[in-house]
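**Q** Per our numbering, residue 711 is the first one in the sequence shown, and the count goes up by one each step. Glycine residues also receive a C-beta, built at the ideal position from the N, C-alpha and C atoms.
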Amino acid sequence: TYHSGSRPKQRFSRALVISQVALSLCLLIGAGLLIRSVENLRGQDIGVTRDNVLMLDVFADEMATKSSRYPDLQGQLLERLKSVPGVRSVSFSAYRLFSGSMSTAPVRVPSSHINPEKNVEVRENWVSSEYFRTLGIKLLLGRTFTVEDTWVEPKVVVINESMARHYFGQEDPIGKTIYFPKVDAQGRYIPFGSQLDKSLGVEVVGLVQDAKYDDLREATPSMAYLPISPVEGLPSSIEIRTAGQPTGVVPQIRQILTQVNPNIILRSIKTLEDQIDDTLVQERLFTKVLGFFGLLALGLACVGLYGIMSYAVVRRTNEIGIRMALGAQQTDVLWMVLRETVLLVLVGVGIGVPVALAAARLVSSLLFGLTPSDPMTIFLAVLVMAAAGVLAGYLPARKASRVDPIVAVRWE
């Protein structure tokens, strides 16, 4: 039996273990929520075919790339890059996907769905004719760009589903006109005058599916794609789709850039998958921190359970021997010790789950595709905690079930 003097210490030890179980469960649930949220973010349909795509961020001095020494720079690069074995398509664009940079334009859309005299903000990107094929963005209506399309003549634009739905409703957007403002020498948009200049009208020639651009969390914005001119120098982004692993062609791509124009600086080259992962740095860091402390707390809780149950077995050796001498089976002794372990774990879980539900609201802004009270995450965390706790208690319970009754009865 327990000595009365040790009871306060036993109570304190049990309270400490229960607290450790509750804390570790809170951290495990938090880490589980973030892990599932990151997987939801990565696994969602982003509207592009993300496999086997390289994203190049390039820079070159405008005067150097437009000089007579490097005529048709885009054409030369396109021809050389497409000749690399394993390369399926190459495109240019002003802004890379998930780079954190995207231009907006104050346009006017003559439509019965909005005020035609009111400016509306839409995202815009200047892209080459192979852009949609390279990224696997599906064409739904009309056509994409050809090499003959420029911003000067003919004036054409391809829009996404969100823009068509928002400004044209159920109407067919093909053939509709969107008005883009003029641009000054500094590249800034000039406000529309009181009379809308018809020469600013751009015809919608294609409708493509929605695709994510900057943020995996945000709803797809209204997007207008404009044709990039081959004579406008070198855009900052090059997209390359390959037949196999894209990293295998990186050395050849670096060499080609240098050969075509030594003024080109390759600031970064990474796969589209890596580009997407870069947007989840905050979530991944927070997940790792919570996971680390969750596992640490779980380990401490297991050590505490093992220690307190081992001490209990030592204190009750005499009692266990008497029980076994009177006919108790090993399984009876095993369950007697495990029962106390299970009770401590259940109390810790009973405290930890409500606390975790309250604390999970603090990270609700980081969650995607699930709620702070996601039942599957909570169930898995409780299962891990219970399994670890029972395992920690099983070792001393197994030791107790193998006590020699004769030795145990003589134990003092």
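If we define contact as Cβ-Cβ less than 8 Å, is THR759 a contact residue for chain C?
**A** Annotation note: the requested chain C is absent from the structure, which comprises a single protein chain.
**Q** Please work out which residues of its chain come closer than 7 Å, Cβ to Cβ, to ASP924, disregarding the five sequence neighbours upstream and downstream, and give them in chain order.
**A** What you label residue 924 is simply residue 214 of the sequence shown in a count that begins at 1. Hits under 7 Å: PHE808, GLY810, MET812.
**Q** Report, in whole angstroms, the separation of the C-beta atoms of GLY740 and VAL1073, which I expect to be a contact under 8 Å.
**A** By 1-based counting over the sequence shown, the position of residue 740 is 30. By 1-based counting over the sequence shown, the position of residue 1073 is 363. With 8 Å as the limit, GLY740 and VAL1073 qualify as a contact, their Cβ atoms being about 6 Å apart.
**Q** Nearest to CYS1123 by CA position, among GLY1103, SER723, VAL1065, ARG1108, is which residue?
**A** Residue 1123 falls outside the range modelled here, since the chain spans only 711 to 1122, and no answer is possible.
**Q** Pick helix, strand or coil for GLY1009, following the three-state DSSP scheme.
**A** The count along the sequence shown starts at 1 and reaches residue 1009 at position 299. GLY1009 falls in the helix class under three-state DSSP.
**Q** Do the region 948–962 and the region 758–767 meet, that is, are 3 or more Cβ pairs less than 8 Å apart?
**A** A contact exists between the region 948–962 and the region 758–767.
**Q** Measuring only the C-alpha atoms, how far is GLY796 from ILE966?
**A** Here residue 796 is taken as the residue at index 86 of the sequence shown, counted from 1. Here residue 966 is taken as the residue at index 256 of the sequence shown, counted from 1. Approximately 15 Å between the Cα atoms of the pair.
**Q** By a C-beta neighbour count over all protein chains shown, 10 Å radius and 16 as the cutoff for buried, is VAL768 buried or exposed?
**A** Counted from its first residue, the sequence shown places residue 768 at position 58. VAL768 comes out buried.
**Q** Straight-line CA distance for ARG951 to LEU1056?
**A** By 1-based counting over the sequence shown, the position of residue 951 is 241. By 1-based counting over the sequence shown, the position of residue 1056 is 346. When rounded, the distance between both Cα atoms is 54 Å.
**Q** Who pairs with ILE888 in a beta bridge, going by DSSP?
**A** Locating residue 888 in the sequence shown gives position 178, where the first residue counts as 1. Beta-bridge pairing links ILE888 to VAL912.
**Q** Could you pull the DSSP bridge partners for ASN835 from this structure?
**A** Your numbering for residue 835 matches position 125 in the sequence shown. In DSSP, ASN835 forms a bridge with TYR935.
**Q** Could you tell me which residues DSSP puts in a beta bridge with PRO816?
**A** Indexing the sequence shown from 1 puts residue 816 at position 106. Paired residues: GLU831.
**Q** To the nearest angstrom, how far is it from the Cα of ILE888 to the Cα of VAL857?
**A** Within the sequence shown, the letter at position 178 stands for residue 888. Within the sequence shown, the letter at position 147 stands for residue 857. Using only the alpha carbons, I get a separation of about 21 Å.
**Q** Roughly how many whole angstroms lie between the Cα atoms of ILE756 and THR989?
**A** As a first step, residue 756 is located in the sequence shown; it is residue number 46 there, counting from the start. As a first step, residue 989 is located in the sequence shown; it is residue number 279 there, counting from the start. Taking the straight line from one Cα to the other gives about 13 Å.
**Q** Taking buried to mean at least 16 other C-beta atoms within 10 Å of its own C-beta, is GLU949 buried or exposed?
**A** Taking the first residue of the sequence shown as position 1, residue 949 is located at position 239. So GLU949 ends up on the buried side.
**Q** For the beta strand (DSSP E) that contains LEU850, what are its first and last residues?
**A** Numbered from 1 along the sequence shown, position 140 holds the residue referred to as residue 850. 849–852 is the span of the beta strand (DSSP E), which, as asked, contains LEU850.
**Q** Going by DSSP in three states, VAL1063 sits in which element: helix, strand or coil?
**A** Indexing the sequence shown from 1 puts residue 1063 at position 353. VAL1063: helix per DSSP, three-state reduction.
**Q** Can you tell me whether SER978 is buried or exposed, with buried defined as 16 or more other CB within 10 angstroms of its CB?
**A** Walking along the sequence shown from the start, residue 978 turns up at place 268. With fewer than 16 Cβ atoms within 10 Å of its Cβ, SER978 is classed as exposed.
**Q** Please name the residue, chosen from ILE728, PRO864, ARG994, that lies closest to VAL748 on a Cα-to-Cα basis.
**A** As a working note, residue 748 is residue 38 in the sequence shown. Closest option to VAL748, Cα to Cα, is ARG994.
**Q** Starting from ARG769, follow its DSSP beta bridges and name the residues at the other end.
**A** Walking along the sequence shown from the start, residue 769 turns up at place 59. Looking at the sequence itself, residue 769 is Phe, so the reference to Arg does not match. In the DSSP output, where bridge partners are listed per residue, PHE769 has ILE975.
**Q** In whole angstroms, what separates the C-alpha of ILE884 from that of PRO864?
**A** Here residue 884 refers to the residue found at position 174 of the sequence shown. Here residue 864 refers to the residue found at position 154 of the sequence shown. C-alpha separation (whole angstroms): 15 Å.
**Q** In angstroms, rounded to a whole number, what distance separates the CA positions of GLY1103 and LEU726?
**A** Sequence index remark: in the sequence shown, residue 1103 carries index 393 (1-based). Sequence index remark: in the sequence shown, residue 726 carries index 16 (1-based). Distance between the alpha carbons of GLY1103 and LEU726 is about 16 Å.
**Q** Taking Cβ positions, are GLY916 and GLY1009 nearer each other than 8 Å?
**A** Mapped onto the sequence shown, residue 916 falls at position 206. Mapped onto the sequence shown, residue 1009 falls at position 299. No; because the gap between Cβ atoms is not below 8 Å, this pair is not in contact.
**Q** Quick check on the DSSP output: the beta strand (DSSP E) that includes VAL797 runs from which residue to which?
**A** Taking the sequence shown and counting its residues from 1, the one referred to as residue 797 is at position 87. Per DSSP, VAL797 belongs to the beta strand (DSSP E) from 797–803.
**Q** Quick one: using the 10 Å Cβ neighbour count with 16 as the cut-off for buried, is GLN985 buried or exposed?
**A** As a working mapping, residue 985 is identified with position 275 in the sequence shown. Burial call: buried.
**Q** Starting from SER793, trace the alpha helix (DSSP H) in both directions and tell me its first and last residue.
**A** Within the sequence shown, the letter at position 83 stands for residue 793. No alpha helix (DSSP H) holds SER793; DSSP gives it neither H nor E.
**Q** Are the beta-carbon atoms belonging to TYR841 and SER801 less than 8 Å from one another?
**A** To locate residue 841, count along the sequence shown from 1; it is residue 131. To locate residue 801, count along the sequence shown from 1; it is residue 91. Yes, these two residues count as a Cβ contact at 8 Å.
**Q** So what does DSSP say about ALA1102, is it helix, strand or coil?
**A** Within the sequence shown, residue 1102 is the residue found at index 392, counting from 1. It is helical.
**Q** Compare the beta carbon distance of VAL817 and VAL837 with 8 Å and say whether it is the shorter of the two.
**A** Mapped onto the sequence shown, residue 817 falls at position 107. Mapped onto the sequence shown, residue 837 falls at position 127. No. Outside cutoff.
**Q** Mark ALA1118 as exposed unless 16 or more other C-beta atoms lie within 10 angstroms of its C-beta, in which case mark it buried.
**A** Residue numbering aside, residue 1118 sits at position 408 when the sequence shown is read from its first letter. Reliability of the predicted coordinates at ALA1118 is poor, the pLDDT of 48 falling under 50, and no value is obtained from them.
**Q** Suppose the cutoff is 8 Å on Cβ atoms and the five residues either side in sequence are ignored; what does the same chain contact list for ALA1069 look like?
**A** As a working mapping, residue 1069 is identified with position 359 in the sequence shown. Same-chain partners within the cutoff: CYS736, GLY740.
**Q** Please report the distance separating the alpha-carbon of THR854 from that of LEU936.
**A** Taking the sequence shown and counting its residues from 1, one reaches residue 854 at position 144. Taking the sequence shown and counting its residues from 1, one reaches residue 936 at position 226. The straight-line gap from Cα to Cα measures roughly 10 Å.
**Q** Within 10 angstroms of its Cβ, does TYR1013 collect 16 or more other Cβ (buried), or is it exposed?
**A** The residue given as residue 1013 occupies position 303 in the sequence shown. Residue identity check: residue 1013 is Val in the sequence provided, not Tyr. Exposed, because fewer than 16 other Cβ atoms sit within 10 Å of the Cβ of VAL1013.
**Q** Following the continuous alpha helix (DSSP H) through VAL866, name the residue where it begins and the one where it ends.
**A** Sequence index remark: in the sequence shown, residue 866 carries index 156 (1-based). Looking at the DSSP string, VAL866 is not in any alpha helix (DSSP H); the run it does join, the beta strand (DSSP E), is 866–870.
**Q** Quick one: what does DSSP say THR856 is sitting in, helix, strand or coil?
**A** On the sequence shown, position 146 is the one that residue 856 refers to. Correct three-state label for THR856: coil.
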